[in-house]
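J.:
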Amino acid sequence: MTDSREARSEATESRTSLPTFYRQVVAELRKVVWPTQAQLVTYFIVTLVFVAFFMTMVSMLDLGFGKLVFEIFTQGQ
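Heads up, the working numbering is the position in the sequence shown plus 44, with the first residue counted as 1.
Right, dumping it as structure tokens:
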């Protein structure tokens with residue numbers, strides 16, 4: 045148990061300062077390859093079509109199973 049406490053105390057002593065952390069974040073963000081506007085529009089449209097397709101599919105399954113259950117439980121009446 046003491047080994048983990050020592051490792052934790054050593055880790056807390058070697059933390060980076062806030063300005064250093066900010067500089068590192070900015071440096072990493074500069075490395076990011078940002079999408080072009082055309083790529084962004086394409087990804088947006090693909091995502092909308094994907095969501096609309098699955099929303100329709102789940103809605104149809106819900107409607108079908110709902111009608112099936114309704115027919116099963118109201119069959120004798």
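Glycine included, every Cβ here is placed at the ideal spot set by N, Cα and C.
Fair warning: this is a prediction, and the values are worked out from it, not measured in the lab.
(1) Please state whether DSSP places ARG67 in a helix, a strand or coil.
(2) Would you identify the three-state DSSP class for GLN83, choosing helix, strand or coil?
(3) In three-state terms, what does DSSP make of THR100?
(4) Can MET99 be considered in contact with the ligand GTP, in the sense that its beta carbon sits closer than 8 Å to one or more heavy atoms?
(5) For ARG59, name the three-state secondary structure that DSSP assigns.
T.: Per the coordinate set shown:
(1) helix
(2) helix
(3) helix
(4) Absence of the ligand GTP from the depicted structure is noted, as is the absence of any ligand whatsoever, leaving it without description.
(5) coil
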